[in-house]
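J.: Here the protein sequences line up with chains A and B, keeping their order.
Numbers in this note's numbering are just positions in the first sequence, counted from 1, shifted up by 682.
Numbers in this note's numbering are just positions in the second sequence, counted from 1, shifted up by 1.
One structure follows; several queries about it will come next.
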Amino acid sequence: MDNIFVYCEITEGRNVAPVSLELLTKGRSLADRLGCALEAVAIGSGLEGIEADLYPYGVDRVHVFDDAALFPYTTAPHAAIITKLFTEEKPQIALMGATVIGRDLGPRVSSSLHSGLTADCTSLEIGEYEDKKSGKVYENLLYQIRPAFGGNIIATIVNPDNRPQMATVREGVMKREIRDAAYKGELVRHDVSKYIAPEDLLVRVIERHVEKPSHHLDTANIIVAGGYGMGSREGFDKLFELAKLLHGEVGATRAAVDAGFCDHDRQIGQTGLTVRPKLYIACGISGQIQHIAGMKESGIIISVNSDPDAPINSIADYVVTGRVEDVIPKLIAHYKNLTK
Amino acid sequence: MKSLKIAVLAKQVPDTRNVGKDAMNEDGTINRAALPAIFNPEDMNALEQALRLKDMCPGSTVTVFTMGPERAKEIVLEGMFRGADTGYLLTDRLFAGADTLATSYALSSALRKAGSFDIIVGGRQAIDGDTAQVGPQVAQKLGLPQVTYVEEILALEEGKITLRRAITGGVETVEAPLPVLLTVNGTAAACRPRNAKLVMARKKAEVTAWSVADVDADPAQCGLSGSPTKVKKVDSISFQAKESKRCTSSDEDIRSLVEELITNHTIG
């Protein structure tokens, strides 16, 4: 009771989704702060040995539900398992990835349990809350901090009375860190038939196509990103040339994607990917807060913009004031020269 | 095939994608008056899917449900201009301040009141909150299966629907029994335009407004009091400004920048 639970998403090839491991890392630090245990839930098929992938993140207990009917994911059986497990175990906090699965499962479970859920949190902290009406003070609540209103404001949400306090977080927002490679927890293998009913299996996945991602923006050390100021798809070709030279990846703002300059799967920002490379070269990007939300954790930021007052310049380590059409070819040429 | 009763869930939202400088007040709160109110984009995609189902299955009806202030009746009318048959506006001070759970309670109460629907369709998420929670929560409250992130209806047979939906890094085909609740992605087909004849015929149509009492809802589960989540505080966004090195686009400046980045092992 009163522990922290993380729903661990199982991907193709029986891997644990990166976002789930990031949440275990966050869950561990919250558990340390609150003095409770961290528990992980893995639901899928062929999960033999999955606990070994989870313990090193500081997991005290791994709940495994292993059945052929549980992969690929469908809503009802996973929701039935989580709802019953949470009713039995009474966690104080439950975390899920803000993925297609987490955003399908989380609200379903929160409705069953009548517990509040905050989507797409960018920060999770522990703190107190005073209910202004009743004057009641709550200690050690989960602050669920997220952008709202299209990313124009940041809201801190709490669930004072209902448990678990549920939150989803996007991939890449939290850092993933092994706590202790030798960390040992306890394994609980559950009897799936006690948790799901035949009518939970009425929605069936007939066919699936999952492609390898066309890029590695999530792990890239160097990202060259373009905004609306790149002007065209051809403008982006130059960014691909620079990125290739630097062994980096190309990203884009929503405005550039909407204008058709770059593919949607490379969008960085609040409604796209969250990245934290060593070096981020922002080209022709004005710096709307929705974009900055997805890249502000980058190590070094270079802004190339013809507008010396572009908002992104205020968070940049280097500001190059000039036209991208001039600056990018020069960066390419000088890099080639200096590394010959 | 027998005709279907189809419901569309739609929300009127401030257009957060085009936030101008006057959209935020000095104290960091939102100046709603400065933002145009629009039909939530993904709810438009949902409306189109509902109208396609109606086309596939003649004799079917499409009913739009929305919740909001008086002016949100525009959403019902907009739906009716494009081919929906009727709609309801949930409006009551007791509904105000609802989080997603209280919203889905209100909507599910209204859906129950209006009769049993075969297919309920909504947008995946609204652009003012981006939570994607109301669809699945309504499905849970009505005890229906759900399919989210739908991109296309592939087949409709007696008591069964086949859908293509987006998943991480790909797509999958899913078969679901009716009744069912679907949420539709922005990548699905765009909505058909208004029909001029329908606009003429319906521009003065009355939209039925329902209160908490009208849908037999429990006031304690509506609005702020029915919301487990509370907003502790709201901040305007400010980023830590850095001391930045500035340079021009001259060859000399770019060369020394690249040199510095190579020397400090940032690149190379």
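All residues carry an ideal CB built from backbone N, CA and C; glycine is no exception.
Nothing here was measured: the structure is a model prediction, and the numbers come from that model.
Rounded to the nearest angstrom, how far is the Cβ of R785/A from that of A190/B, given a contact under 8 Å?
T.: R785/A to A190/B, Cβ: 22 Å. No contact.
J.: Can you name, in chain order, every residue of its own chain whose Cβ lies under 7 Å from the Cβ of Q138/B, other than the five neighbours on each side?
T.: The residues are T101, L102, S105.
J.: By how many angstroms is the C-alpha of P59/B removed from the C-alpha of S797/A?
T.: Going from the Cα of S797/A to the Cα of P59/B covers about 41 Å.
J.: Would A902/A count as contacting chain B if we go by Cβ distances under 7 Å?
T.: Not one chain B Cβ lies under 7 Å of A902/A.
J.: Note the first and the last residue of the continuous alpha helix (DSSP H) segment covering M848/A.
T.: Careful: M848/A lies outside any alpha helix (DSSP H), inside the beta strand (DSSP E) at 847–851.
J.: State buried or exposed for I888/A, treating a residue as buried only when at least 16 other CB atoms are found within 10 Å of its CB.
T.: Answer is exposed; the Cβ neighbour count stays below 16.
J.: What residues of chain A sit near T104/B, judged by a beta carbon separation below 9 Å?
T.: None at all; the shortest Cβ gap to chain A is about 11 Å.
J.: Kindly indicate which three-state DSSP category A210/B falls into: helix, strand or coil?
T.: Strand.
J.: If I measure Cβ to Cβ from N834/A and keep anything under 7 Å in the same chain, skipping five residues before and after, which residues do I get?
T.: Here the set comprises I971.
J.: Leaving out the 5 sequence neighbours to the left and right, which residues in its chain are closer than 6 Å to V135/B when beta-carbon positions are compared?
T.: Only T101, T104, S105 meet the Cβ criterion.
J.: With 8 Å as the C-beta to C-beta threshold (strictly closer), list the residues of the region 835–850 of chain A near chain B in chain order.
T.: Residues passing the 8 Å Cβ filter: I835, I836, A837, T838, I839, V840, N841, P842, D843, N844.
J.: Taking Cβ positions only, does E176/B come closer than 7 Å to chain A?
T.: So yes, E176/B belongs to the interface.
J.: Between which residues of its own chain and P895/A is the CB-CB distance below 8 Å, once the five residues before and five after are set aside?
T.: D947.
J.: What does K246/B reach in chain A if we use C-beta pairs closer than 8 Å?
T.: In chain order: D999, Y1000, V1001.
J.: So is K1012/A buried or exposed if we call it buried at 16+ other beta carbons inside 10 Å?
T.: Label assigned to K1012/A: buried.
J.: Closest Cβ-Cβ distance between E173/B and chain A: below 7 Å?
T.: Closer than 7 Å: yes.
J.: Would you identify the three-state DSSP class for L706/A, choosing helix, strand or coil?
T.: It is helical.
J.: Taking the DSSP output, what are the residues bridged to H931/A?
T.: The question names His, yet the displayed sequence has Glu at residue 931/A. BP columns for E931/A point to I905/A.
J.: Restricting to Cα atoms, I'd like to know which of G779/A, R871/A, T757/A, C965/A is closest to D802/A.
T.: It is G779/A whose Cα lies nearest to the Cα of D802/A.
J.: Going by beta-carbon coordinates alone, are S281/B and L143/B separated by less than 7 Å?
T.: The structure shown does not extend to residue 281/B, since chain B spans only 2 to 269, so no value can be given for it.
J.: Please tell me whether S250/B has its Cβ less than 7 Å away from any Cβ of chain A.
T.: Chain A, which has a Cβ nearer than 7 Å to the Cβ of S250/B, makes this yes.
J.: Using a cut-off of 9 Å between C-beta atoms, extract the partners of G124/B located in chain A.
T.: Near G124/B there are no residues of chain A at all, since even the closest Cβ is about 13 Å away, more than 9 Å.
J.: Classify S805/A as helix, strand or coil using the three-state DSSP reduction.
T.: Looking at S805/A - three-state DSSP - the assignment turns out to be strand.
J.: Going by beta carbon distance, what residues of the same chain come within less than 7 Å of S805/A, once the five residues before and after it are set aside?
T.: Once the five neighbours on either side are set aside, the close Cβ partners of S805/A are I827.
J.: Would you mind telling me which residues of chain A sit closer than 7 Å to V148/B, beta carbon to beta carbon, in chain order?
T.: Result: V885.
J.: On the three-pair Cβ rule with 8 Å, is the region 44–63 of chain B touching the region 116–130 of chain B?
T.: Segments in contact, yes.
J.: Using a Cβ-Cβ distance cut-off of 7 Å, determine whether G269/B contacts chain A.
T.: Cβ-Cβ to chain A under 7 Å: yes for G269/B.
J.: Excluding the five sequence neighbours on either side, which residues of its own chain have a C-beta within less than 6 Å of the C-beta of M977/A, listed in chain order?
T.: I950, V957, Y962.
J.: Can you pull the chain B neighbours of Y962/A, defined as C-beta to C-beta under 8 Å?
T.: Simply none; closest approach about 11 Å.
J.: In this structure, does DSSP put F118/B in helix, strand or coil?
T.: Three-state DSSP puts F118/B in coil, outside helix and strand.
J.: Can you list the residues of chain B that V906/A reaches, using a CB-CB cut of under 8 Å?
T.: None at all; the shortest Cβ gap to chain B is about 11 Å.
J.: CB-CB under 8 Å to P990/A, same chain, minus the five flanking residues each way: which ones, in chain order?
T.: The answer, listed in chain order, is V1001, T1003.
J.: Quick one, which of S816/A, S988/A, L824/A, L703/A has its alpha-carbon nearest G913/A's?
T.: The residue with the shortest Cα to Cα distance from G913/A is S988/A.
J.: Hey, how far is the Cα of V1023/A from the Cα of E153/B?
T.: Beyond the ends of chain A as shown, which are 683 and 1022, falls residue 1023/A; an answer cannot be given.
J.: Beta carbons nearer than 7 Å to chain A: which residues of the region 251–262 of chain B have them?
T.: If the cut-off is 7 Å between Cβ atoms, the region 251–262 of chain B has D252, I255, R256, L258, V259, E260 near chain A.
J.: Which residues in the same chain have their Cβ closer than 6 Å to the Cβ of D945/A, if we skip the five residues on either side of it in sequence?
T.: Excluding sequence neighbours, D945/A sits near nothing in its chain.
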